[in-house]
Amino acid sequence: MDFTTRFHGQEFANPLMNASGVWCYDDEELDAMGSSASGAVVTKSATTNFREGNPEPRYQSLPLGSINSMGLPNKGLDFYLDYVIRQQESSATNAQKFQFVSIAGTSPEEDILLLKKIQASDYKGFVELNLSCPNVPGKPQMAYDIDATRALLEEIFSFFDQPLGIKLPPFFDLVHFDLMADVLNDFPLAFVNCINSVGNGLIVDVHTERVVIHPKNGFGGIGGPYVLPTALANVRAYAERLKPSIRIIGTGGVESGEEVFLHLLCGADMVQVGTQLQKEGPAVFDRLLKELGQIMEEKGYKSIDEFRGKVRNYAGESNPRPLA
Ligand code: RRO
Numbered sequence: 164m165d166f167t168t169r170f171h172g173q174e175f176a177n178p179l180m181n182a183s184g185v186w187c188y189d190d191e192e193l194d195a196m197g198s199s200a201s202g203a204v205v206t207k208s209a210t211t212n213f214r215e216g217n218p219e220p221r222y223q224s225l226p227l228g229s230i231n232s233m234g235l236p237n238k239g240l241d242f243y244l245d246y247v248i249r250q251q252e253s254s255a256t257n258a259q260k261f262q263f264v265s266i267a268g269t270s271p272e273e274d275i276l277l278l279k280k281i282q283a284s285d286y287k288g289f290v291e292l293n294l295s296c297p298n299v300p301g302k303p304q305m306a307y308d309i310d311a312t313r314a315l316l317e318e319i320f321s322f323f324d325q326p327l328g329i330k331l332p333p334f335f336d337l338v339h340f341d342l343m344a345d346v347l348n349d350f351p352l353a354f355v356n357c358i359n360s361v362g363n364g365l366i367v368d369v370h371t372e373r374v375v376i377h378p379k380n381g382f383g384g385i386g387g388p389y390v391l392p393t394a395l396a397n398v399r400a401y402a403e404r405l406k407p408s409i410r411i412i413g414t415g416g417v418e419s420g421e422e423v424f425l426h427l428l429c430g431a432d433m434v435q436v437g438t439q440l441q442k443e444g445p446a447v448f449d450r451l452l453k454e455l456g457q458i459m460e461e462k463g464y465k466s467i468d469e470f471r472g473k474v475r476n477y478a479g480e481s482n483p484r485p486l487a
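So that you can map any letter, position 290 of the sequence shown is 453 in the numbering used here, and since no number is skipped, the others follow by simple counting.
Okay, structure coming up:
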């Protein structure tokens, strides 16, 4: 089965990646992702300096997904740049996988400083700018402010010339998709990644009558099967609205090969896995590829490009985007 995925001139063995935040915090986790069957790897969203993150417990696995309020724990941008540059310069067969560095300043000013640091470094690859972390107390999810997002992108593209994508929070109103796509289409963005966790959900244990995580009185980002319809809607909404040069990474609700297939069918170029990777570890990618291959075989597809973006409306018509 041919899972080969082209993404802005880069070729990956398959479209699967970790979602930033899961299995990408330190050397050990990143090495494990490097050895996994994933097509690519993204690093934990980085700030300028090391951050401890929020108090524990800050992650809870749930029957239908997960809730987290990690609070951006990370080892600082230098650590992740050094790691990825080392991998890219190595002769390892998996060197090609390390093409995505995620950053998440806690202010627009910090985002700019982080991007200036990347620009001045030897890193060559994609940058995923996280504008949607829901868990830093007192800090809003930047991308919900559409005017502020435009202003930030204007400043970024006045100096930054490496391939940049942004990680978006979920939107729920078609007018919001229109407004955000109008902003995004005005910039030479390489990709959008949708969605981040559904921010500020609340899980309460009926027996103890307590919330299940400590930070923010229990409010946290929801991931996993709970969010699949929202994730697919966001992927599809941007596939219908973005210019073809802005590619799409689909994230949210992948448990099996079926959800990978659905993300691709709705228009995702690559597909990230968060909650299920946390549950199962990096071996999840072998299973997902096997299951995706089985679905493709049953349907008679030999490559992903044969069905990518071709979801049908109720009348049976499809409106795919041009391929990468
Ligand atoms: O670290 C986190 O709490 C976190 C981040 Br930065 C994010 O973007 N999404 C999320 O669910 N958790």
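The C-beta atom is built at its ideal place from N, Cα and C for all residues, glycine as well.
Note that the structure is a prediction, hence the values are computed from the model and not measured.
Residue i in three-state terms, based on DSSP
i: K280; result: helix
i: V338; result: helix
i: S198; result: helix
i: E215; result: coil
i: M305; result: helix
i: I467; result: helix
i: L440; result: helix
i: V355; result: strand
i: E174; result: strand
i: L193; result: helix
i: M180; result: strand
i: D285; result: coil
i: L486; result: coil
i: V369; result: coil
i: D165; result: strand
i: V374; result: strand
N- and C-terminal bounds of the alpha helix (DSSP H) containing residue i
i: T206; result: From DSSP, T206 is part of no alpha helix (DSSP H); its letter is neither H nor E.
i: Q435; result: Where Q435 is concerned, there is no enclosing alpha helix (DSSP H), although the beta strand (DSSP E) it sits in stretches over 433 to 436.
i: T393; result: 391 to 404
i: C429; result: 420 to 429
i: G456; result: 447 to 462
For residue j and residue i, believed in contact at Cβ under 8 Å, the rounded distance
i: V361; j: I385; result: 4 Å
i: V205; j: N181; result: 6 Å
i: V374; j: L365; result: 7 Å
i: L347; j: I275; result: So it is not a contact: roughly 19 Å between Cβ atoms.
i: G202; j: L235; result: About 26 Å separates the two Cβ atoms, so there is no contact after all.
i: S208; j: G184; result: 7 Å
i: V390; j: G228; result: 7 Å
i: E454; j: G413; result: About 16 Å; that fails the 8 Å criterion.
i: V423; j: L451; result: 6 Å
i: P300; j: N363; result: Actually they do not touch by this definition, with Cβ atoms about 11 Å apart.
i: H171; j: P351; result: About 11 Å; that fails the 8 Å criterion.
N- and C-terminal bounds of the beta strand (DSSP E) containing residue i
i: L316; result: Note, L316: premise wrong, no beta strand (DSSP E); alpha helix (DSSP H) at 309 to 319.
i: F382; result: 382 to 386
i: V361; result: 361 to 365
i: L331; result: 327 to 331
i: C187; result: It is not in any beta strand (DSSP E) - C187 carries neither H nor E in the DSSP assignment.
i: P410; result: Rather than Pro, the amino acid found at residue 410 in this sequence is Arg. Per DSSP, R410 belongs to the beta strand (DSSP E) from 410 to 414.
i: F170; result: 168 to 170
i: I230; result: 228 to 231
i: E110; result: Past the edges of the chain, shown from 164 to 487, lies residue 110, and the structure says nothing about it.
i: L235; result: Element bounds for L235: n/a, residue is neither H nor E.
i: S224; result: 222 to 225
Residue-chain proximity (residue i, chain B), Cβ-Cβ < 8 Å
i: E422; result: The chain inventory of the structure shown lacks chain B, comprising one protein chain alone.
* Segment contact flag, the segment 440 to 447 with the segment 397 to 405, C-beta cutoff 8 Å, min 3 pairs -> no
* Which parts of the segment 240 to 277 are runs of the alpha helix (DSSP H), unbroken and 4 residues or longer, counting only runs that do not cross its ends? -> 240 to 252
* Report yes or no: do the segment 188 to 202 and the segment 462 to 469 share at least 3 C-beta pairs separated by less than 8 Å? => no
* **Stretch pair the segment 471 to 484 + the segment 262 to 280: three plus CB contacts closer than 8 Å** => no
* Taking three-plus beta-carbon pairs below 8 Å as touching, is the segment 239 to 257 in contact with the segment 279 to 293? -> yes
* Would you check if there are 3 or more beta carbon pairs closer than 8 Å linking the segment 165 to 175 to the segment 425 to 442? => yes
* At least three beta-carbon pairs within less than 8 Å, the segment 287 to 297 to the segment 315 to 329 -> yes
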